[in-house]
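Novice: The structure that follows is given in the form of structure tokens.
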Amino acid sequence: MKQAAAPFPPSPWHLTGDMIVSLWRVPTRDLPSWPLPAGTRPWVVRGRATLITFWVDYKPGGVLTYREFLVALAVRHGRRPAASTVAAWVDDERALTGGRTLWGIPKEPGLITFRVQGRSTRAELTAADTPSVRATHHDALRLPCRLAARAHLIQQLADGTTCRVPLRISGRPSLGHSRVTTEPEAPLSFLTHHRPRLSFALHDFRSTVGSSQEHSAPR
């Protein structure tokens, strides 16, 4: 008897594609009250928190092909710096279910489009109960190299367990300029009133999310 296919790939996920990354410094008073894993607190300096937004086009060559808009908050877990995903939308059911089940990433369904013209990219998110979020990005300086980085997310699984998610990525970076706009009533409307401190594209990236031996983070 043939065994049914898994609804999503097992950890780790090897993914490839293009992404736009922006780093924001936003007053804490402007932010929603996002739930965070136990033992985790926002990294706040002079009344401002650090956010990182990702517009990602995952392309063929990885375990899944889909698009995503993700918002991560810089946090401290104990004494260690990390990040925690506080909002995410994807256009693939397996990516949604897998992200939630394996790592506690709060993914929601959404329609995400990318339009690339030369060095400019326009992206848009449309989701139920979430007014549209739009982004524009222009590559200003393409660096002639590949850069690699490691990081990790701290997330909370459905059973309340705190989960540490290792990330590895490499790609060709391009420094640029980005802007995000939303409807006034959108959950992320605070981004309209601020400009990113840093924006860059990462082309032809290769990334690994998770590990073959998932483990919980120490509380």
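Position one of the sequence shown corresponds to residue 2 (the working numbering), numbered consecutively onward.
C-beta: ideal position from N, C-alpha, C; glycine also.
1. Over what stretch of residues does the beta strand (DSSP E) that includes T193 continue unbroken?
2. Can you tell me where the alpha helix (DSSP H) with R101 in it begins and where it stops?
3. Below 8 Å, can you find three or more Cβ-Cβ pairs linking the segment 38-58 to the segment 17-29?
4. Label Q156 either buried or exposed according to how many other C-beta atoms from any shown protein chain fall within 10 Å of its C-beta, with 16 as the threshold for buried.
5. Could you spell out where the beta strand (DSSP E) holding E109 opens and where it closes?
6. What does the Cβ neighbour count give for T41, buried or exposed, with the cut at 16 atoms within 10 Å?
7. Cα separation between P107 and R101?
8. Count the other CB atoms, across all protein chains shown, that sit within 10 Å of the CB of H78; report buried if there are 16 or more and exposed otherwise.
9. So what's T29 in DSSP terms, helix, strand or just coil?
10. To the nearest angstrom, how far is it from the Cα of S12 to the Cα of G99?
11. Using C-beta distances below 6 Å, list every residue in its chain close to A124, excluding the 5 sequence neighbours before and after it, in chain order.
Specialist: In brief:
1. In the sequence shown, counting from the first residue as 1, residue 193 sits at position 192. Where T193 is concerned, there is no enclosing beta strand (DSSP E), given that its DSSP letter is neither H nor E.
2. Sequence index remark: in the sequence shown, residue 101 carries index 100 (1-based). R101 -> alpha helix (DSSP H) spans 94-104.
3. yes
4. By one-based count along the sequence shown, residue 156 stands at place 155. That one is buried.
5. Numbered from 1 along the sequence shown, position 108 holds the residue referred to as residue 109. Per DSSP, E109 belongs to the beta strand (DSSP E) from 108-110.
6. If you number the sequence shown from 1, residue 41 lands on position 40. It is buried - the Cβ of T41 has at least 16 other Cβ atoms within 10 Å.
7. On the sequence shown, residue 107 is found 106 positions in, with the first residue counted as 1. On the sequence shown, residue 101 is found 100 positions in, with the first residue counted as 1. Cα to Cα, the separation comes out at about 6 Å.
8. Position 77 of the sequence shown, counted from the start, is the residue given in the question as residue 78. H78 is buried by the Cβ-count criterion.
9. On the sequence shown, position 28 is the one that residue 29 refers to. Helix.
10. By 1-based counting over the sequence shown, the position of residue 12 is 11. By 1-based counting over the sequence shown, the position of residue 99 is 98. C-alpha separation (whole angstroms): 9 Å.
11. On the sequence shown, residue 124 is found 123 positions in, with the first residue counted as 1. Here the set comprises W56, F115, A136.
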